[in-house]
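These protein sequence lines map, in sequence, to chains A and B.
Residue 1 is where the first sequence starts when you use the working numbering, and the numbers rise one by one after that.
Residue 1 is where the second sequence starts when you use the working numbering, and the numbers rise one by one after that.
There are 2 protein chains.
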Amino acid sequence: MSAEQEIREVIEGRAAAMTSGDARAVLAYYVPEWVQFSLAPPLKQRAESGDPGPLTAWLATFQAPPKREVTELEIHADANVAYATSIESMSATPVGGDEEFTLWYRVTVGLRRVDGRWLIAHEHQSVPFYMDGSFRASVDLQP
Amino acid sequence: MSAEQEIREVIEGRAAAMTSGDARAVLAYYVPEWVQFSLAPPLKQRAESGDPGPLTAWLATFQAPPKREVTELEIHADANVAYATSIESMSATPVGGDEEFTLWYRVTVGLRRVDGRWLIAHEHQSVPFYMDGSFRASVDLQP
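Given below as structure tokens:
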């Protein structure tokens, strides 16, 4: 299998594990410690794949695990370092809410090949914001 | 010079060129065509380093070119593919405004080594947003 195929399986496998609500399976795609630029503050977080607590807690804020879509995936891989870009969505209904939302956002991941396996070593997820003076996050965009 | 040193010079050289207001010098750090996830919409843009028009127009919205700071730079490089992460700021006064703002944001870049030179081939810049129901962009965070 080519590096591109292996990395595609990592990105799509992570999304599928999220949709099945399995925090440990999601985190198995990551190196033990990585730098995360998340949709929510702070600017930067150090995350640990050995600790499913934060992800499990986040999943519990929805009535069911979010449905996920991965589109426009582009992969650039060398022997042991790669990065991938995509436009992804999550659809979910918050606990206590009665309406499902769908959020489209940009994803850039950095990957490293460790013992023959590609793992996510950095993750940057975001939406842009409107520079019209409102400083609203652009949560209504679609690809 | 190591790949890390060369890439550090790319990231810091780009910031310095921005502060000197030289759009062509900024774009000389990029491959001819790349995918950009910008602070402002849309979700995704194809940009061309041969066309300084959009960057020149953006620079003209400020009274002087933005001052820039690059912090917490981390670089992961293989022979020909690399990615780098940083927390950066820009400080500027909009045309027609009377107050300088400082914005801190996250940056992930993907780089490729082309004819022996490291060039930026992907750029993702963002701030997170508050998930308190306000959907406000987090433009007030500091590292």
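Cβ coordinates follow ideal geometry from the N, Cα and C atoms, glycine included.
Within-8 Å CB hit, residue i to chain A
i          : result
Tyr-29(B)  : no
Leu-141(B) : yes
Gly-116(B) : no
Ala-82(B)  : yes
Ile-7(B)   : no
Supposed contact pair residue j and residue i - C-beta distance, whole angstroms, cut 8 Å
i          : j          : result
His-124(A) : His-124(B) : 5 Å
Ile-11(A)  : Leu-73(A)  : 6 Å
Arg-8(B)   : Ile-75(B)  : 7 Å
Ser-111(B) : Val-127(B) : It should be noted that the sequence gives Leu, not Ser, for residue 111(B). Rounded, the Cβ-Cβ distance is 23 Å, inconsistent with contact.
Ala-92(B)  : Glu-100(B) : 7 Å
Contact with chain B by residue i, beta-carbon distance below 8 Å
i          : result
Asp-78(A)  : yes
Ser-49(A)  : no
Arg-14(A)  : no
Met-18(A)  : no
Met-131(A) : yes
Phe-101(A) : no
7 Å CB neighbourhood of residue i in its chain, flanking five on each side removed
i          : result
Val-114(B) : Val-31
Phe-129(B) : Phe-135, Arg-136, Ala-137 and Ser-138
Pro-52(B)  : Ala-23, Arg-24 and Leu-27
Pro-143(A) : Thr-71, Glu-72, Ile-87 and Trp-104
Met-1(B)   : none
Within-8 Å CB hit, residue i to chain C
i          : result
Ile-120(A) : Among the protein chains in the structure shown, which are A and B, there is no chain C.
Per-residue contacts from residue i into chain A (C-beta, under 8 Å)
i          : result
Thr-126(B) : For the sequence presented, residue 126(B) should be read as Ser rather than Thr. The answer, in chain order, is Phe-37, Arg-106, His-124, Ser-126, Val-127 and Pro-128.
Arg-112(B) : His-76
Contacts of residue i in chain A (Cβ-Cβ under 7 Å)
i          : result
Ser-138(B) : Pro-41
Own chain partners of residue i with C-beta closer than 6 Å, once the 5 adjacent residues on each side are dropped
i          : result
Trp-34(A)  : Ala-47, Ala-121 and His-122
Ser-89(A)  : Glu-69, Thr-102 and Trp-104
Val-107(B) : Ser-86, Glu-88 and Gln-125
Ser-49(A)  : Leu-27, Tyr-30 and Pro-32
Ala-3(A)   : Ala-77
Trp-118(A) : Glu-6, Ile-7, Val-10 and Leu-111
Asp-132(B) : none
Val-109(A) : Ala-84, Ile-120 and Glu-123
Leu-39(A)  : Gln-125
Contact set for residue i: own chain, Cβ-Cβ below 8 Å, skip 5 residues either direction
i         : result
Lys-44(B) : Val-35, Gln-36 and Phe-37
Arg-14(A) : Val-26, Tyr-29 and Ile-120
Ala-60(B) : Val-95
Under 9 Å by beta carbon: chain B residues contacting residue i
i         : result
Thr-85(A) : Val-35, Phe-37, Lys-44, Gly-110, His-122 and His-124
Partners in chain B for residue i, counting only beta-carbon separations shorter than 7 Å
i          : result
Phe-135(A) : Arg-136, Ala-137 and Val-139
(request) Would you be able to state if there are at least three C-beta pairs under 8 Å between the region 15 to 31 of chain B and the region 54 to 67 of chain B? (result) yes
(request) Would you be able to state if there are at least three C-beta pairs under 8 Å between the region 49 to 62 of chain B and the region 76 to 83 of chain B? (result) no
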